[in-house]
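J.: If you read the protein sequences in the order shown, they are chains A and B.
Taking this note's numbering, I'd label the letters of the first sequence as residues 1 to 617.
Taking this note's numbering, I'd label the letters of the second sequence as residues 618 to 1234.
Backbone N, C-alpha and C define an ideal beta-carbon position, used for all residues, glycine too.
Before we start, here is the structure in question, set down as structure tokens.
2 protein chains.
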Amino acid sequence: MNRKEFRDLATPAEAREAIDSLALEAGIERVPLAEARGRVLVARLDAELDVPGFDRASLDGYALKARDTFGADEADPARLELVGEVHAGEEPDVTLEEGQAAEISTGAVMPDGADAMVAVERTDMDSEGDDVLVRTAVAPGDNVMFAGADVAAGERALGPGTQITPRDIGLLSALGVDEVPVKARPRVGIVSTGDELVRPGENLASERGEIYDVNSYTIAAGVEDAGGEAVLYPHAGDDQDEMERILREAADECDLVLSSGSTSASAVDVIYRVIEEQGELLLHGVSVKPGKPMLIGRLDDSAYVGLPGYPVSAMMVFRTFVAPAIREAAGIPEPASATVAGRLARQERFEEGRHRLMPVGLVTDGDGEPLVYPVDKGSGATTTLADADGVVEVGPETDYLEAGEPVTVTLFSPDVRPPTLFAVGEDDPTFSRVLDGLANPRYLSVGTRPGLRRLREGVPDVVVAAGPLEADVETTELGRWEREWGLVVRAGNPDEIERLADLIDRDLRFINRTTDSGLRSSLDATIADLADDRGTTRRELTAAIDGHDLGLRAHESPARKVIAGDADAGLGLRETADRLDLGFVPIGEQPVWVLANPDRTDKDGVRELEKALADVQ
Amino acid sequence: MNRKEFRDLATPAEAREAIDSLALEAGIERVPLAEARGRVLVARLDAELDVPGFDRASLDGYALKARDTFGADEADPARLELVGEVHAGEEPDVTLEEGQAAEISTGAVMPDGADAMVAVERTDMDSEGDDVLVRTAVAPGDNVMFAGADVAAGERALGPGTQITPRDIGLLSALGVDEVPVKARPRVGIVSTGDELVRPGENLASERGEIYDVNSYTIAAGVEDAGGEAVLYPHAGDDQDEMERILREAADECDLVLSSGSTSASAVDVIYRVIEEQGELLLHGVSVKPGKPMLIGRLDDSAYVGLPGYPVSAMMVFRTFVAPAIREAAGIPEPASATVAGRLARQERFEEGRHRLMPVGLVTDGDGEPLVYPVDKGSGATTTLADADGVVEVGPETDYLEAGEPVTVTLFSPDVRPPTLFAVGEDDPTFSRVLDGLANPRYLSVGTRPGLRRLREGVPDVVVAAGPLEADVETTELGRWEREWGLVVRAGNPDEIERLADLIDRDLRFINRTTDSGLRSSLDATIADLADDRGTTRRELTAAIDGHDLGLRAHESPARKVIAGDADAGLGLRETADRLDLGFVPIGEQPVWVLANPDRTDKDGVRELEKALADVQ
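Right, dumping it as structure tokens:
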């Protein structure tokens, strides 16, 4: 195992400098007006015409010479000879002389000789229809929008760097502009490597250790969010020649190449070789956690950043170092960074002296104050960020933060809305359906025991608990129902499993749940009763069950092992068996409680949940 | 002029209700994962597999049985027989017995029989390479990510109504999901009517009163902003049959039809007829300003809203009433409404008892406090909103707001950034170039005199003034330069115009600027000098100039009239003549000053301007 080590890690500031020095640029393109929304102008646009382009009637009425109405009023209207009419979209075919008027529609061109107009409501026609009686005096310019009054030719319309809004599109439309020069979106190539990676939608061979490629689509979405254009390259595997070919192709076609995925030494070797031959390595390794194994350099004329393989690390490094460079190249201003000040829910220790980017979730406590809790499923986890709301940055000199310490959370985006309800505990299909009817809840299915522990620590609003319950924490019951549990078996129950005792007495392969699960607690209680009946110990019986000690975390996983042929029976719910078209051997019913932190019962989200639970029994 | 009148105007609340009752809906579509960012899930997604799908090594090292390492330490390592190796992406071909270990790479499948692993750094190979010496004790599960630890099969992954972020795309990728069911974007048809409207990019016949169609692209951009899909229908003109055909086609193809553009009675008549024959009219006319002439109803199965013709009214009505309905149909949450509290810069009176949506601009005063000023170019103006930052709503019972009154501005969007510098005054090409180098300035070219008046009123930061100056307001000079002005004439000066006096003594058509302009002040001063020389009055001379009283607002407009053949000479700058390839007859030089409100000289934007002006003379 001969691998390049990360020595002399760069600081985050040095990493930012290195990326800045790549001077990412994407040039200019012209886009049609209909596609200009959100794009960034590269040059000033001056008006090339007057808007309106003519003196324009603002009302329906009569064009006239203002001086012909001087002194006119209701008692003594001015009588003007009607000599024509002008409609919108028509060229006037009349010129007014003294004492004359022309009928005119809103938006029409003022005829020559007219210098004002009067609204139709302030006039009468004489009985013959030849003259119009004007019952008010008007001043020159009244009810006329003069040419250029809206925008005048030569006027500065939009400056360079303007990010085009619908309102700017209104201005550009008025000027007749149908194409605008904007900053091109930087093309960002994404090269994913690693033999074990499979694109979503394709078949996965878990037995060979294959996993879905998380980084490609996630980073691509991040690129688009930052105003870039993401180009996904075919998956390169660990074939060195193929990887090299794809890297060179991406460098040729893109402004920035991001590699991601493989943690294998051979992939790193190829990247080193290509950079050495056709580029420059500026930086290798950054003192930030997560994110240490980061490369910054050039490949031919393209900028290059190597992202860590672990999805959470890759995304954090992307957000922190790469997205700002893409936004700058696209001319898009840094988003107004939405931050939330809160207190840390529990003590957090940091082992290494690295700058730390800590994904956190937010929950509102009983006083309406934000409570901040770290979200960490371990370094290989792919889904941590989906359960988080933002990031707390912690400097390398900090060894730990106390519970209650004030921290500032930078939200993942300004429109992140922390959940209205934060629930943890047992996986339960009924509860999941209830959540479907709520606005923006968060649920972490950690199991009954860890759920109760977290409630005790004061973080979640609500715990879902199932099975025999040792209540060592004060809670408020919001709802309760029963669920049927037992053995999930093959469709039609071909092994004719009839009761729990068959697992002990017959040669059957069983799949259990972990001890975190309330189902496991009910199972173990039932085995203990059976041991009493038989006059033996629980341990004696569990030792006779092939697979009792093999506990899976997820409530559907045992059933899926049965489908896969890896087991004859799995611990599960009747509902799961029905949904997956499997057989079911009932053992018992167990209660499911929804229990709230008593301090949180007044929270809107908790009240909403309580209301929704009223329909469940 | 027989036109339907707006009687019994509905309240804004009634208009909202009427739009809600249309129950705009767009159905469901399935989109590939790569296009899912920002879309809204219609159904809960549960995990259908465990992530990881196997027990996974978290490090490079050795898989082993934990109990074989009990008691091992640096002094007394455990010796295990090396029986194989497993790489990422490979199926293990080894099963561990007691006392055995297998080399394993990060991400690889744990072999049968192993229940933990040790990092390579904590081991040594014995000299023969057959055994590995483990210098630490490990517990079962150490350095192993168990199947389902990240996401477990059956677990709730994303709830209905989730607006998909890049982080959610990470979760979906991990689950192998490559297509998601999302709310379809509502299709919104935009039908623009009116004989006088021309699509941007086409040729405009101003003499016929044609203007560019502002509403179509602007409303389309608003529709896309709100999460809808805009469909622009061909421009219908005022041909009733054609308009009817297009309306019916749009109703057939879209979830919502918006008509906009024409103010003509015949267009309204067609819309009435089609609604009567194939729909339902719910509401006609809303007591809101701008926006009164609004229609709400149904056309066949499509919702229908008739927007006012004037662009500012159309956009305000769209934003206030229509955009929320589109967002709701698209499942997109209302944007976090960004508001700014400020003081009104000057008194504002409201004549009619209607609910008022007042477009306003924002400027920071000398104390760093937001000052709010109404932006209103008149009801026919198309470009008002491009100069505004947001809206102040004023209830119908309010007749006026005092200067200094606290008001709340709802920004057009949360990422609107009020300008860093607010300048007004004379149009000047040099100043415009200086602005190009600044971040987010705003410039209103209102002319020298109105600019000075506004500075006196305390609203803008800076005024640009040109020509003979009566300084009746205290200012701080930030910069000053000279510009050459005179007569812009046809290329090559075929009329051989040599001096100002030619306008008086010869039969030439001239185009002037308005009295707001500093150029006009310089021209009038020069004419006064000439009158002194000739022993006559200024009035005598100006009466002899054909076109002296015809003043255009824009600095380029006189030159453009020369190009169009409407005049022989226009008042203008040498720079304008050069840029438009016209001839130029110099008359004089005039000073241009950039003058700041003395209270604002410490503002960042003003300092930045002062720095930029240092390079100009």
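Are the C-beta atoms of A:L171 and some chain B residue less than 8 Å apart?
T.: Taking the first residue of the first sequence as 1, we reach residue 171 of chain A at position 171. Yes, because at least one Cβ of chain B sits closer than 8 Å to the Cβ of A:L171.
J.: Following the continuous beta strand (DSSP E) through A:I28, name the residue where it begins and the one where it ends.
T.: Counted from its first residue, the first sequence places residue 28 of chain A at position 28. Run containing A:I28: 28-32, per the beta strand (DSSP E) assignment.
J.: Check A:K183 in the structure and name its three-state DSSP category.
T.: Working through the first sequence from its first residue, we reach residue 183 of chain A at position 183. If DSSP states are grouped into helix, strand and coil, A:K183 belongs with the strands.
J.: Taking 8 Å as the CB-CB cut-off, is A:Y217 touching chain B?
T.: Counting from 1 along the first sequence, the entry for residue 217 of chain A is found at position 217. Yes, A:Y217 counts as interfacial toward chain B.
J.: In three-state DSSP terms, what is B:N832?
T.: Residue numbering aside, residue 832 of chain B sits at position 215 when the second sequence is read from its first letter. B:N832: helix per DSSP, three-state reduction.
J.: With 16 other CB atoms within 10 Å as the buried threshold, where does B:E772 fall?
T.: Here residue 772 of chain B corresponds to residue number 155 of the second sequence, with the count starting at 1. Counting Cβ neighbours within 10 Å, B:E772 comes out buried, since at least 16 surround it.
J.: Under a three-way DSSP split, which group does A:M316 fall into?
T.: Here residue 316 of chain A refers to the residue found at position 316 of the first sequence. Helix at A:M316.
J.: Specify whether the region 966-976 of chain B and the region 1006-1017 of chain B touch according to this definition: at least 3 beta carbon pairs, one from each stretch, less than 8 Å apart.
T.: Output reads yes: the region 1006-1017 of chain B touches the region 966-976 of chain B.
J.: When you compare the CB positions of B:F938 and B:Y1017, do they come within less than 8 Å of one another, or not?
T.: Position 321 of the second sequence, counted from the start, is the residue given in the question as residue 938 of chain B. Position 400 of the second sequence, counted from the start, is the residue given in the question as residue 1017 of chain B. No, Cβ-Cβ distance for B:F938 and B:Y1017 is not below 8 Å.
J.: Taking only beta carbons into account, state which residues of the region 128-158 of chain A come closer than 9 Å to chain B, listed in chain order.
T.: If the cut-off is 9 Å between Cβ atoms, the region 128-158 of chain A has M145, F146, A147, G148, A149, D150, V151, A152, A153, G154, E155, R156, A157, L158 near chain B.
J.: List, in order along the chain, the chain B residues whose C-beta lies closer than 9 Å to that of A:D178?
T.: Your numbering for residue 178 of chain A matches position 178 in the first sequence. Here the neighbours are R816, P817, G818, E819, Y834.
J.: Between which two residues does the beta strand (DSSP E) containing B:A1145 stretch?
T.: Within the second sequence, numbered from 1, the residue matching residue 1145 of chain B stands at position 528. Per DSSP, B:A1145 belongs to no beta strand (DSSP E); it is in the alpha helix (DSSP H), 1135-1151.
J.: Taking 6 Å as the limit between beta carbons, can you name the residues of its chain near A:T408, skipping five residues before and five after?
T.: Taking the first sequence and counting its residues from 1, the one referred to as residue 408 of chain A is at position 408. Result list for A:T408: T339, A341, in chain order.
J.: According to DSSP, is A:K289 helix, strand or coil?
T.: The sequence position of residue 289 of chain A within the first sequence is 289, counting from 1. Looking at A:K289 - three-state DSSP - the assignment turns out to be strand.
J.: What residue from A:P52, A:S517, A:I527 has the CA that sits closest to A:I504's CA?
T.: For the purposes of this step, residue 504 of chain A is taken as residue 504 along the first sequence, with counting starting at 1. Comparing Cα-Cα distances from A:I504 to each of A:P52, A:S517, A:I527, the minimum goes to A:I527.
J.: Is it the case that the Cβ atoms of B:E1240 and B:L900 are separated by a distance below 8 Å?
T.: Since the first and last residues shown for chain B are 618 and 1234, residue 1240 of chain B lies out of range.
J.: How long is the line joining the alpha carbons of A:E229 and A:A221, rounded to whole angstroms?
T.: Translated into positions along the first sequence, residue 229 of chain A becomes position 229. Translated into positions along the first sequence, residue 221 of chain A becomes position 221. Each residue's Cα considered, the two are about 9 Å apart.
J.: Could you tell me which chain B residues have their CB closer than 8 Å to the CB of A:G380, listed as they occur along the chain?
T.: Numbered from 1 along the first sequence, position 380 holds the residue referred to as residue 380 of chain A. Within 8 Å Cβ-Cβ: P669, R673, S675, G724, M762, D767.
J.: So with CB distances below 7 Å, who are the chain E contacts of A:S313?
T.: The chain inventory of the structure shown lacks chain E, comprising the protein chains A and B.
J.: Whose C-beta lies closer than 8 Å to the C-beta of A:P290 among residues of the same chain, with five residues either side of it excluded?
T.: Here residue 290 of chain A is taken as the residue at index 290 of the first sequence, counted from 1. For A:P290, where only same-chain residues beyond five positions count, the Cβ hits under 8 Å are P308, Y310, V312, S313, M316, V317, L357, S379.
J.: Could you tell me if A:M125 is buried or exposed, where buried requires 16 or more neighbouring beta carbons within 10 angstroms of its beta carbon?
T.: As a working note, residue 125 of chain A is residue 125 in the first sequence. Classification of A:M125: exposed, given that the 10 Å Cβ count is below 16.
J.: Using a Cβ cut-off of 8 Å (strictly closer), state whether B:I828 contacts chain A.
T.: Reading the second sequence from its first residue, position 211 is the one you call residue 828 of chain B. Yes, because at least one Cβ of chain A sits closer than 8 Å to the Cβ of B:I828.
J.: Do the region 64-72 of chain A and the region 869-878 of chain B touch if we need at least three Cβ pairs shorter than 8 Å?
T.: No, the region 64-72 of chain A is not in contact with the region 869-878 of chain B.
J.: Return yes when the C-beta of A:E244 is under 7 Å from any heavy atom of the ligand GTP, and no when it is not.
T.: In terms of ligand content, the structure shown is empty, and the ligand GTP therefore cannot be addressed.
J.: Hey, A:P111 and A:A102: beta-carbon distance below 8 Å or not?
T.: One-based indexing of the first sequence puts residue 111 of chain A at position 111. One-based indexing of the first sequence puts residue 102 of chain A at position 102. Yes, these two residues count as a Cβ contact at 8 Å.
J.: Any beta carbon from chain A within less than 8 Å of B:P1031's own beta carbon?
T.: Here residue 1031 of chain B refers to the residue found at position 414 of the second sequence. Closer than 8 Å to some Cβ of chain A, the Cβ of B:P1031 qualifies, so yes.
J.: Should A:R600 go down as buried or exposed, given a rule of 16 or more other Cβ atoms within 10 Å for buried?
T.: Sequence index remark: in the first sequence, residue 600 of chain A carries index 600 (1-based). By the 10 Å Cβ count, A:R600 comes out buried.
J.: Exposed or buried, which one is B:P1111 when buried takes at least 16 other CB atoms within 10 Å?
T.: For this step, residue 1111 of chain B is matched to residue 494 along the second sequence. Counting Cβ neighbours within 10 Å, B:P1111 comes out exposed, since fewer than 16 surround it.
J.: Out of curiosity, what's the CA-to-CA distance linking B:I636 and B:A962?
T.: Numbered from 1 along the second sequence, position 19 holds the residue referred to as residue 636 of chain B. Numbered from 1 along the second sequence, position 345 holds the residue referred to as residue 962 of chain B. Approximately 35 Å, taken between the alpha carbons.
J.: Please confirm whether A:E48 and B:R825 have their CB atoms less than 8 Å apart.
T.: The residue labelled residue 48 of chain A in the question sits at position 48 within the first sequence. The residue labelled residue 825 of chain B in the question sits at position 208 within the second sequence. Not closer than 8 Å, so no.
J.: Are the region 1158-1166 of chain B and the region 1201-1216 of chain B touching, with three or more C-beta to C-beta distances below 8 Å?
T.: No: the two stretches stay apart, fewer than three of their Cβ pairs being nearer than 8 Å.
J.: How is the alpha helix (DSSP H) around B:T1047 delimited, first residue to last?
T.: On the second sequence, position 430 is the one that residue 1047 of chain B refers to. Taken as a continuous stretch (DSSP letters only), the alpha helix (DSSP H) holding B:T1047 covers 1046-1053.
J.: For A:A10, which residues of its own chain have a beta-carbon under 6 Å away from its beta-carbon, when the five flanking residues on both sides are left out?
T.: On the first sequence, position 10 is the one that residue 10 of chain A refers to. The answer, listed in chain order, is L283, V286.
J.: Roughly how far, in whole angstroms, is the beta-carbon of A:K611 from the beta-carbon of A:D461, given that I think they are within contact range, below 8 Å?
T.: Within the first sequence, numbered from 1, the residue matching residue 611 of chain A stands at position 611. Within the first sequence, numbered from 1, the residue matching residue 461 of chain A stands at position 461. Not really, about 14 Å apart at Cβ, beyond 8 Å.
J.: Quick one: using the 10 Å Cβ neighbour count with 16 as the cut-off for buried, is B:D1232 buried or exposed?
T.: On the second sequence, position 615 is the one that residue 1232 of chain B refers to. Counting Cβ neighbours within 10 Å, B:D1232 comes out exposed, since fewer than 16 surround it.
J.: Within its chain, find whatever has a CB closer than 8 Å to the CB of A:R298; leave out the 5 residues flanking it on each side and keep chain order.
T.: Here residue 298 of chain A corresponds to residue number 298 of the first sequence, with the count starting at 1. Excluding positions up to five away in sequence, the list reads L22, I275, G279, E280, L282, Y304.
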